[in-house]
Every structure is written in C-alpha cells, then in structure tokens.
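Protein chains in written order, with full-length UniProt numbering: chain A, 1 to 613; chain B, 1 to 613.
All residues carry an ideal CB built from backbone N, CA and C; glycine is no exception.
What you are looking at is a predicted structure, and each value in this text was computed from that prediction instead of being measured.
Beneath this line is the structure, given in structure tokens, with notes to follow.
This is the structure:
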C-alpha cells in the first residue's frame, strides 16, 4: 500500500482545528509588517432581571499558542507544512542554503529510498549562518532589536497596559508597565531570557522564556518502543499547542525518529526541543558504552539542520558526581543522565559532552540552537530532594552557562523533579545564584511520590510554587507519569493542570494580564453569563459539559443558579437580591452603609487598622 | 411498593466494601480495651536479576478512615447502622436517655407515619449530658484524658516513632517524637485542636483536627433540588470515607433532610458536620426573611440529638459588615453568609446567631457538638481576596471563639475560598492571631478563577500551601465546583486531589509518618515491584489501570521498564546496571568513588561548602 497517501489521509482525518467557542483569531500588525496572533473571546451584555444593561462587556484578548490551526481562514496541508512566519530570514544574505545536509546521518536517511513513503514530502534545504556569530543573544548584546523580539513584545504586552489601571491589586507593581522590544532585548542580552528560534524553523511563532515574562509551559510528546504512528505524533503536537503548550519536546525513542521529527517541525508553530542523546543511543542500538563524541556531534548537526530550536544536553553529569548517587533511594532517574553516567563509568572517562562543550557551542551558534542544560542527577523521589549530587551538578551547569554565553549561545537550566514543598524555594535560589540567572526550566516538581495516576496534580502543586518563585518554563507531567506513555487525553489533562499552575504563578507574580482573565470570568460567573464563563475558561468544552450534565436546557444558560445549590441556595443570586433590596430601600440602605462604614472607620482608627493591611 | 425494602435493597446494592489490594485491616488494642483500626499493605520481597534478596520489605501501615466497610470480617447492615465504637458512653451515668426528641421538629417528623417508609428503621433515643459541662475541651481543661484522646493518640502516632530514626530528613525535627494521649489533651485544652464527637454519635471512630496533627480532609455531600435518593447519599458518605475523608459535611438542601441525615449518621464512621441554616431555610420555604432564632434553635437541638458532630454557624456576618461587600466583584458567595446578610438587611437587625451565641453554646455543650465558625464573607474570586469584609468578619470570629471557650465548646474557624498564592499565608497568620490559634478549616483556596471543571486542581494547589502554613483541615473542592452537583466520581476525584494536598502539607511540615509512605512507594518503584507501587498509592486501581493500558501482561508487573520510556531508556534500569557494574569492577569503582569523594571534599573546603547546605 502507498504508506505516504495513507499518512496524508491519516493527517486530514486526525488534525484538530475546531476554533474555540465564540472566539476570534486576531492578528496585531506592526509598522514592520509583523502579524502577531492572539485570541479574542466575545462576551454577552450584562442582564439584570431580564433587562440588558447598556454596559457592553469587552472582548477578552488571550495569548494564543494554537497557531494557524484555529484560524478558520487558514488553509492547512500537513504535507506542505505551515507557511513561514519568520519570512525575514529569507532576506538575510548571510544565511546560506546548503546543497545537502552536513550530517552523515541526515544524508544517509535522505538518500534511503525505502523511506520515501514515510518522509515529509517537501523537505527544505538546510540553512546555516556565515556570520562569525548568529544568535538572538548575539544581536541583543549588540543592542539590536530583532523581529523576533518585536514579535514577542507584542504577545507579552497583550492587555498589560490596558489592565494595569483597572487591576485593584497593588501586588502587580513590580511588573513593568509595558513589555517593549527593548525590554525583551535587554533580558536576552543578560542571559535572563532566551528566544529558542532555529534559523531552520521559519514556521515558528517566536516566544520568550524568562522569569520577567509570562510563565511558559512545555509538553513532552514522542513515541517509545510501544510506538505510535507519525500521524499520531504530529496530531499530538498540534493538539498540545491547541491546549496551550508554549513549547514541545519530541522525546521519541522508537523508529524513524528523524522522519517523525521532520513532519513535526514543519507543522509546529512553537519551539521544538529534543534530547539528542536519545537518538544517538538508538543509532548504537541502545548500548550506552558504544556512544562516541563523533556520533553525538553528527546527531547535533542533523537535528540543528532540521530546525530543532533547543537541545537538552546532560553535560553536567561528571564522573566524580556519580558516586554521590550511590546512597540515594532512587539513584539516577534522568534518562539522559543515566545514559551518560553509564558511559562515564564504563569508560572511566569524563562525560564527552562536557569535554567538547566549547566545540558544541560553536556548532549550535551557526543555527541559533539554544541549550537546555539537563539535570541528569535530579532527584527521583522526595527522599533524594536537594541532595549533594543534585547541587553538585547544578554548580557545573553554572560553569557551562558561562562558556555558552561566551559563544553567544542561549541557555536555560533544567530542574527537578521530586521536591517536598518546603525545599522548593532553595532550588530556585541556588539555580539563580549558581547559573547566573539563566532561565529555570523545571519538571514539576512532584510534591509527593504517593499518587501515581495523579502526578499531573502532585506536580502542578510544585509547578505553581516554583513558577511563583521564578521558574520561567514548566515542563508538564501527565497522569501517566511513572506508569506509561501518555495518550492524547493525558496530554490535554497534563496541559490544563500546567496552564493552571503557570497562570496561578503569573497571578502571584502580579501580571495584570493574568488578573484580567480571572476578573472577566468571575464577573461573568457573578452575572450568570454561563456561556461567557465557559468560553473564558481553560477548557470551555469541559465546563459546559459538566454544567449540562444536570441542567442541559438552553434556558439554564441564563438561569440564576446551577444544580450545585439549586435556586433557593445560590449565594450569588441572593447577593444580587441584597443589592436590589439596597436599591429599593435606597434611603435606609444608605443609612446602613454609612453607619456601617462609620463604625468600621472608628474601628480602624482604634486598632491602628493593623489587621486591614 | 414497599419503599423501605426498596431502600434497603438499594443499599445492599450500592454499598462499596471491596478491600484495597493486598491490604489487611488491623486493630491496635490498648490496655483500656480500645480497638483502633489501621490498614496494612503487604509488600513483596526485593528481587535483583530474578533472585530474591533476603531482605523482606515490611508491611506498610496507613491511617484508615474507611471504617468497618473495608473489613471483610465485619457484617454490615445499613438498616441496623454501625456498631458502637465509643461503647464507654453507654456506661456514663451522667448521660441520660431522653424519652423523646427535645426539638419540636424532631418530634413532628418522628410521629409522621407517612415517613415510616423513608425513616431509618432503628432510631436510637436521643441522649443529653446532665453535667454542668460535658465536652472534650472541658475534660482536657480538667487534665483528664478521655478514651477519645487515647484512641486518637494511637492513630496519629502510627509509624511516627518507627520512622523518626529512618527518615534522613532533618526538617522533621519540629514534630513531636511521639503523639501521646496527654499531648492530644493539652492541644484540645489550649483550643489548638478539636475532637468533634457528639455523645449521640457512638458509631464514630474518634479523630482530631489541629495543626500539630496530620492534616485532615473534609468531603461535602448532600442533595440539592436536583435531588438524589437517600440510598445514594449514604453510599456517597461511605464512598467518601473509603477514599480518605476524615470528616463529612451533609449539605443537603432538598427533601427529607432529617431522615437522610439519620441514615447517614448511623452508618458514618467519621465526624459529620452540617450547616443548620440550610435546613432552617427549608422549613420556611426558602425565604430568608422568615427565619427566626426560635426556629434556628429548634433546628440546632434537632440535629444535636441526631448526632451531628459539628455545625457551621455564620455568626460573624454582622449588619455593619454587609456594606463592605458592596464594592466586591463577586459579593457574598457563602450560601449561609448570603442568607444571614439578607435577613439582617431585611429586618435591619443584628445577626440572630451572633446575638444568641452564648445561649447556643450552652445548648451545644450538652451534646458536645463542636462549632465551625463559618466565613460568610469569604472572597468568591481572586479579585476579592483578603479584603476588608473578609478580615472584619474574622475579627468577630475571634470574639466568638473566646465566648465558646468560656462554655468549653470546641471551635474551628472556616477560611477561604479564592486566594492567589502570594496572599495565602496572610490568611493563616491573621487567623491564628485573631482567633487565638483555633484550628483553621479552609475551602481550598482556589488559586485562580479561570478553570471551572478543574477546580479540584486550582484549589489543591492552594490547599497544599495553606495546609503547610498551618491549616488543620482542608475542605475538598470537586471538579464540578461552580457548575453542578458532584456525583460519586467527582467525590473521589476531589478526595484524591485533597489527600495529595494534605499529604504534601504533612511532608512539608515534616511528619515522619508521611515521609514513610513516600519512601516505601519510591523504593518499590525503584525495585520494579509494580504491584507494591500500585498498592501503596492513593488509588491502586487507577495506577494499575493506567499501567496495564499499554502493558497488560502479568509479566510486565516484574518487567524493569514501562511503556513510558521502554526497556532501553528506563533510567532506573540503567541505574541498577550502573550499580551492578560498580560491583563487578569493585576495585576500580572504589577508586572512582574515592577519587570522586576526595575531589568533592576538596571543593567543599574551597567553597566553604555553602552550596551544599
């Protein structure tokens, strides 16, 4: 059978494009001709006692990671890939198109005709920069604002200014009143933020990872031996973006990793990250001892030329640190970490990624691939949290960060894992200090080990906390963690849990644009605009489904109660009656209010108002 | 048809009794003849390379809230109710049996023959104490250790001593090495802990609520107008206990509340709480203005004589505070709070529960009913968190606490609600200060408003945090919050999320008995004892189901990998290989280790070991 056609058919069948209810896809345009997407949620008018109040509730604007897929006007053909967003790259004369892949493996796969049916049909020629240095960090250091920075500033600034004055909360004060391209540039120049954007990924909608910006969420996808088809993986990627993934990591460890990755990148609107050591290990049939620097180097170039935006490197797993894990309850739980540890011990040599780090940075610079320094020695249980092995590696990651920055390569630092709540802050404090404020990127952390099957929750607790403390990106954990490979539903459940954690963190950090959405939804809730409440939520479909389980009638969508309390006991309904009561008895009511406020006022003075701070 | 038989049949059909996998129901016995239940989870031996190591993994003992239902030896007949646990009450000559209920309503319902088919078939005669004062707090103040305190000490002390020495964590230091009956007594005497235990609820397995004990979880059940049957509500209660509810609140607002409650209490092994104003409102057909103190008083007595262990009283909603809610985004969101507020405004009188608080305490003392002071003005949105209305009421709750304590009535304080993370701690600090360290009992709080359908998660984040900061009991929130009445699955999902939050809080507070379970499960995970990992988890059924989705074969239960990473990439498998490798090459390995440790040692000295703290 013609596998290719099957694949394509497969895609058309699988791909999720349904726009969100009552939402518009908008594009902000800049003088430089950039088109930045965002989502608008339309709202109904406020109705009191069946009469519409003249106040119209504004359309709510939301940061949108879903790409063109949710734009009804966009034509999507996965066999063509997404249109270029970063079209300015094509005009850069210093970026040259290579006649063929520079990696041996890339060439072998390209020439292998048995893969024709699997291969993405419209392979681009790989590109490389001929500049001495070519990364977002390099330009930032030169004081240059790139189109990526301008693009990002618009996304991050959405609602910021508008809501700063409306937000009643003083705790938003420490956030810049406006996110400007220059602010983005300066954060990148300092290494406090990164813009993962490979020049071979022009389909990318640029985004930033840094603790002075909105907290980002990463979703891991990828097949394992219990393999899923290429079509499934691409749909998983699109599906993840749909539910709010700011970044995706392809952790495939099965067959045809190279071809699967090509399909994903060409159709992926967010940065794609990988762990190259996984593919390298596949190339030596899963035998860590057989790994070599040359093989790893070839794999890096292969992936860089496909358009991978950032790579996880377990360069901090040093020979001398391995003994520190001997007394652990759960040893080494990072896949990459355990692979490198086994290589080090087997050869009694130092980690080859560490040894060749400078050379590696020079390679990645040519494509502007960012580095995610892996925490190969992260704790895998509450008992092992914040131990010497973990922090020893973190110190080495600090040294490597300085080397990468010397080559203008952007860096973020990966973090745990499993950490009880009272030990979480120490992780952020040490990370910021030891790695010179490079963005922190953590997996959870899980705050307890006792709930396999619910680790999206055990870890959402830790993720919200560590996000509040300053982690820039949160890697999601699905309900299947520790148990099996996540399916589409697990991906969604993991993402919703992490959008909650990231949003809770942004609220705690004081982002007015975060507060804005909570206020809009709560106002809709209080005014019994059920549809608006559903549509403004992270999962409109689920919210509506739960409501309709007990009150399916359309009339219930304007009813002043739900089945939880019933009509007589709805506090919000009674509160509105109280306010009406207040209006009827305006005079007396005013007295009550004045009296009340007067008494309170006296109390304040008496008590020095200390308890009202 | 004979409704009663139907009901009974109904019960037999619905009731959940299946014991947890590989678990034993144990009873610790005391010299005074108390039998305290706990659950033991048996573990397999550790196996390395197919050969059993001689080390046997001990049976893991867990605090058990499920009552006799999970005891295969127990005979359960819901129409008979549970056997007495607190049999010592029967021997107390100062507790007299009343010929008939003292409440007008209780009598009316008892005499109403049309209710015969609904009524619990073996009604007990109500009891009342003839002592001048009769509460756990009274005895505690006298320096007397009650059987309840002795019972509780055993439950709370489970694994504490055994694990104190094993736990590698220094952060457990602030927890008492042993929970003694005297410690329980002293905490109750100080008002820092309560033992909700109505003398009319002898079926109760005593438990304590206080911040120096394990964090407790409450589950709300109860029907609304969209009514569920009595049988469903009883099963919901048993179901809740099965999944870890330390306490249950019956928030029924529909028909036959009185009869439903009787069925629940007679079959309930945990303390049952109610919000009497709900039933009072039903008695006046849902019209708040028609409420009177006399009606409320009669309702209190009615419920006290049925065996309700604690009642929520919205006594802090004062007339003068209502205006403070005028400028709120979501006004008053507590049902009881909005009812009392409407009453106050309609009559322009002060809250009658506040006015009659002393009289009310004298009534509750006779049955040892504890008070949960409701936060009628809690915030219902992020925007309204920590505002003046909320803290003004909290101050009044402090005054009321002192009055209750004067009458030896046990008190806990209810808390919010909706609070962003950075404002959570202030809630606990103010509560402890203003209410003199009475136990805090919070609903969540939700850390964002934007995820209806997932509020068990938005609130589990806040619950874990506030539990760590010192909240004694967490009231769960189900996925249906704000949308509809929870069904059985929602009750379970809410409970698991809150057992996670409570356990994470106990870990953070440093309870060795909490750490114990994490370590046991993680050891099982690291040793690929899959069944043990499942059985030690909060939901063994879900964990197994998720694992088996991709690897159903029984052989996979000892496989050294799962479908998440597959055999080649399982870090734990590789780590074990590393350790074996280390053994083979013992000599060289030792060198490596020594070298490694030596280098580290030198580093420590160089760096003043600051980063290893």
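- Query: What is the rounded straight-line gap between the Cα of residue 517 (chain A) and the Cα of residue 536 (chain A)?
  - Reply: If you number the first chain from 1, residue 517 (chain A) lands on position 517. If you number the first chain from 1, residue 536 (chain A) lands on position 536. In a straight line, the C-alpha of residue 517 (chain A) is about 7 Å away from that of residue 536 (chain A).
Compare the C-alpha of residue 123 (chain A) against each of A:113, A:79 and A:151 and name the closest. As a working note, residue 123 (chain A) is residue 123 in the first chain. Among A:113, A:79 and A:151, the Cα nearest to that of residue 123 (chain A) belongs to A:79.
Subject >> residue 249 (chain B): first and last residue of the uninterrupted beta strand (DSSP E) it sits in >> reply: Within the second chain, the letter at position 249 stands for residue 249 (chain B). Run containing residue 249 (chain B): 247 to 250, per the beta strand (DSSP E) assignment.
- Query: For residue 30 (chain B), which of helix, strand or coil comes out of DSSP?
  - Reply: Residue numbering aside, residue 30 (chain B) sits at position 30 when the second chain is read from its first letter. If DSSP states are grouped into helix, strand and coil, residue 30 (chain B) belongs with coil.
**Q.** For residue 315 (chain B), the three-state DSSP class (helix, strand or coil)
**A.** Within the second chain, residue 315 (chain B) is the residue found at index 315, counting from 1. Residue 315 (chain B) falls in the coil class under three-state DSSP.
Query raised in the report: According to DSSP, which residues form a beta bridge with residue 210 (chain A)?
Result: Counting from one through the first chain, the residue named residue 210 (chain A) turns up at place 210. For residue 210 (chain A), which the question treats as bridged, DSSP gives the partners A:193.
**Message:** Strictly by DSSP, which residues pair up with residue 113 (chain A)?
**Reply:** As a working mapping, residue 113 (chain A) is identified with position 113 in the first chain. In DSSP, residue 113 (chain A) forms no bridge with anything.
Could you please give the first and the last residue of the uninterrupted beta strand (DSSP E) stretch that includes residue 475 (chain A)?
Taking the first residue of the first chain as position 1, residue 475 (chain A) is located at position 475. Here the beta strand (DSSP E) through residue 475 (chain A) covers 473 to 475.
ask   = Touch check for the stretch 374 to 382 of chain A and the stretch 405 to 418 of chain A: three-plus C-beta pairs under 8 Å?
value = In short, these stretches touch, since the Cβ pair count reaches three.
Classify residue 391 (chain A): buried if its beta carbon has 16 or more other beta carbons within 10 angstroms, exposed otherwise. By 1-based counting over the first chain, the position of residue 391 (chain A) is 391. The residue in question, residue 391 (chain A), is buried, as its Cβ has 16 or more Cβ neighbours within 10 Å.
By the three-class DSSP mapping on this structure, what secondary structure does residue 428 (chain A) have? Here residue 428 (chain A) refers to the residue found at position 428 of the first chain. Three-state DSSP puts residue 428 (chain A) in a helix.
Residues in the stretch 237 to 252 of chain A with C-beta within 9 Å of chain B's C-beta atoms, listed in sequence order?
So the close ones are 251.
Less than 8 Å between C-beta atoms, sequence neighbours within five positions excluded: which residues of the same chain meet that for residue 642 (chain A)?
No statement about residue 642 (chain A) is possible, as the shown extent of chain A runs from 1 to 613 and does not include it.
Hey, how far is the Cα of residue 158 (chain B) from the Cα of residue 364 (chain A)?
-> Residue mapping note: residue 158 (chain B) aligns to position 158 of the second chain, counting from 1. Residue mapping note: residue 364 (chain A) aligns to position 364 of the first chain, counting from 1. In this model, residue 158 (chain B) and residue 364 (chain A) are separated by some 56 Å (Cα to Cα).
Residues near residue 42 (chain B) by beta carbon distance below 6 Å, same chain, minus five either side | Position 42 of the second chain, counted from the first residue, corresponds to residue 42 (chain B). Exclusion of the five residues before and after residue 42 (chain B) leaves 22 and 59 as the residues of its chain whose Cβ lies within less than 6 Å of its Cβ.
Review point. Is it a yes or a no for the stretch 469 to 488 of chain A touching the stretch 516 to 530 of chain A, going by three-plus beta-carbon pairs under 8 Å?
Key: no
message: Against chain B, which members of the stretch 483 to 498 of chain A pass a CB distance test of less than 7 Å?
response: Cβ contacts with chain B: 483, 484, 485, 496 and 497.
Count the other CB atoms, across all protein chains shown, that sit within 10 Å of the CB of residue 533 (chain A); report buried if there are 16 or more and exposed otherwise. As a first step, residue 533 (chain A) is located in the first chain; it is residue number 533 there, counting from the start. Buried.
Let's see if you can read the secondary structure: which residues bound the alpha helix (DSSP H) around residue 294 (chain A)?
What you label residue 294 (chain A) is simply residue 294 of the first chain in a count that begins at 1. Residue 294 (chain A) -> alpha helix (DSSP H) spans 293 to 306.
_Under 8 Å, Cβ to Cβ, is there at least one residue of chain B near residue 420 (chain A)?_
Position 420 of the first chain, counting from 1, holds the residue named residue 420 (chain A). Output row for residue 420 (chain A): interface = yes.
query: What residues from chain A crowd round residue 529 (chain B), counting only those whose CB sits closer than 9 Å?
result: On the second chain, position 529 is the one that residue 529 (chain B) refers to. Neighbours of residue 529 (chain B) on chain A: none; closest Cβ ~13 Å, over 9 Å.
Leaving aside the five residues before and after residue 573 (chain A) along the sequence, list all residues of the same chain whose C-beta is less than 6 Å from its C-beta, in chain order. Residue numbering aside, residue 573 (chain A) sits at position 573 when the first chain is read from its first letter. Closer than 6 Å at the Cβ level, and outside the excluded window around residue 573 (chain A), lie 560 and 561.
query: With which residues is residue 373 (chain B) paired in a DSSP beta bridge?
result: One-based indexing of the second chain puts residue 373 (chain B) at position 373. Its beta-bridge partners are B:313 and B:413.
_Coarse secondary structure for residue 17 (chain B), derived from DSSP in three states_ = Counted from its first residue, the second chain places residue 17 (chain B) at position 17. The answer is coil: DSSP assigns residue 17 (chain B) none of H, G, I, E or B.
Quiz item: What did DSSP end up calling residue 145 (chain B) once you bin it into helix, strand or coil?
Solution: The sequence position of residue 145 (chain B) within the second chain is 145, counting from 1. Coil.
Compute the Euclidean distance between the alpha carbons of residue 209 (chain A) and residue 215 (chain A), then round it to the nearest angstrom. Counting from 1 along the first chain, the entry for residue 209 (chain A) is found at position 209. Counting from 1 along the first chain, the entry for residue 215 (chain A) is found at position 215. Residue 209 (chain A) and residue 215 (chain A): Cα-Cα distance of roughly 8 Å.
request  = Take residue 20 (chain A) as the anchor and find which of A:55, A:27, A:160 and A:66 has the nearest alpha-carbon.
outcome  = Translated into positions along the first chain, residue 20 (chain A) becomes position 20. Checking every option, the nearest Cα to that of residue 20 (chain A) belongs to A:66.
- Residue range of the unbroken beta strand (DSSP E) whose run includes residue 442 (chain B): As a working mapping, residue 442 (chain B) is identified with position 442 in the second chain. Its beta strand (DSSP E) spans residues 440 to 443.
Requested in this report: Would you list the one or two residues that DSSP bridges to residue 125 (chain A)?
Outcome: Here the question's residue 125 (chain A) lines up with position 125 in the first chain. None; residue 125 (chain A) has no bridge partner.
Comparing the C-beta of residue 337 (chain B) with each C-beta of chain A, is any distance below 8 Å? Translated into the one-based positions of the second chain, residue 337 (chain B) becomes position 337. Yes, contact with chain A.
Practice task
May I ask you to report which of helix, strand or coil DSSP gives residue 288 (chain B)?
Solution key: Numbered from 1 along the second chain, position 288 holds the residue referred to as residue 288 (chain B). The answer is helix: DSSP assigns residue 288 (chain B) an H, G or I state.
Exercise for the section: Just mark residue 96 (chain B) as buried or exposed, buried being the case when its beta carbon has 16 or more other beta carbons within 10 Å. Expected result: The count along the second chain starts at 1 and reaches residue 96 (chain B) at position 96. Exposed, by the Cβ-count rule.
| query | If you run the structure through DSSP and keep just helix, strand and coil, what is residue 482 (chain A)? | reply | Here residue 482 (chain A) refers to the residue found at position 482 of the first chain. Taken through DSSP and simplified to helix, strand or coil, residue 482 (chain A) comes out as coil.
- Buried or exposed: where does residue 243 (chain B) fall if 16 or more other Cβ atoms within 10 Å of its Cβ makes it buried? The residue you call residue 243 (chain B) lines up with position 243 of the second chain. Label assigned to residue 243 (chain B): buried.
* Asked: Name the DSSP beta bridge partners of residue 276 (chain B), please?
  -> Within the second chain, numbered from 1, the residue matching residue 276 (chain B) stands at position 276. As computed with DSSP, residue 276 (chain B) is found in no beta bridge at all.
Which residues, in chain order, does the stretch 548 to 565 of chain B contribute to contact with chain A at a C-beta distance below 8 Å?
-> 549, 550, 551, 562, 563, 564 and 565
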